[in-house]
Each structure stands twice: as structure tokens, then as C-alpha cells.
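Enquirer: This is the structure I have questions about; it appears just below.
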Amino acid sequence: LTQVLVDKADIDLVQSPEQLLIKKEDSEELGIVLNSIPDIYRQVLENFYFREMTYEEIAKQEGVAIKTIASRLYRGKNLLREKWREKYETL
1 LTQVLVDKAD
11 IDLVQSPEQL
21 LIKKEDSEEL
31 GIVLNSIPDI
41 YRQVLENFYF
51 REMTYEEIAK
61 QEGVAIKTIA
71 SRLYRGKNLL
81 REKWREKYET
91 L
């Protein structure tokens, strides 16, 4: 996952080395926080945002309803936001 995030940062060649380093660090931090949430939410977030799968594709893969995927994405984003704040906004 971290490698996927870093590769996306490397594609943008107009950025300075400092900006790329910051993006890489942010990507690594995001990976750490993402790995701290329950798998049921993490997998849906990864499939939707990093693998660019549709709700329908994820639902079929997971064997659940599309509304279940929407709920998991919503809850997963909220958990991710909470964990991020706990870890990085207190520094």
C-alpha cells in the first residue's frame, strides 16, 4: 500500500525534491494509520481509493450489498479521520 502511494507521488515530476519527500512521508503516515483500522473497513477503502474499484466491483468481490460497501466506506473514512487526528494532531 505504501509503495502504491509513493509511486503516485513519484509520477508528478514538476514537484521539488522537498515536496516529493513530504508526499512520501505523508503516504507512509497514511499507510500506518490505515493499517490501524479494522480490516473490514481498510479493505474497502484500499479497493475504492487505491485500486479504483467501483462500489459494484467491491460488493461483488466481498459478496455483500452495494449499500453495505457505502456504509463501510463511510465508517472507514470516519475511523481513518479519527485515528489520524489522534496520532498527528496532538503533536
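Under the numbering used here, the first residue of the sequence shown is numbered 1, with each subsequent residue one higher. Even for Gly, the Cβ is constructed at its ideal location relative to N, Cα and C.
Measure the alpha-carbon distance for Tyr-74 versus Arg-85 and round it to whole angstroms.
Expert: Looking at the two C-alpha atoms, the distance is approximately 17 Å.
Enquirer: Helix, strand or coil: which one does DSSP assign to Val-44?
Expert: Here Val-44 sits in helix by DSSP.
Enquirer: Near Tyr-49, which residues of its chain fall below 6 Å by C-beta distance, leaving aside the five closest residues on each side in sequence?
Expert: Nothing listed; no residue qualifies.
Enquirer: With a CB to CB cut of under 8 Å and the five nearest residues on each side skipped, what residues in its chain are close to Lys-97?
Expert: In the structure as shown, the chain starts at 1 and stops at 91, and residue 97 therefore has no counterpart that could be examined.
Enquirer: Beta-carbon within less than 8 Å of Ala-65's beta-carbon, same chain only, minus the 5 sequence neighbours each way: which residues are those?
Expert: Excluding residues within five positions, the ones whose Cβ falls inside 8 Å are Ala-59.
Enquirer: Thinking just about the alpha-carbon of each residue, which of Glu-28, Leu-45 and Ser-16 is nearest to the one in Thr-68?
Expert: For Thr-68, the nearest C-alpha among the options comes from Leu-45.
Enquirer: Determine the extent of the alpha helix (DSSP H) in which Asn-78 is found, giving its start and end residues.
Expert: Residues 66-88.
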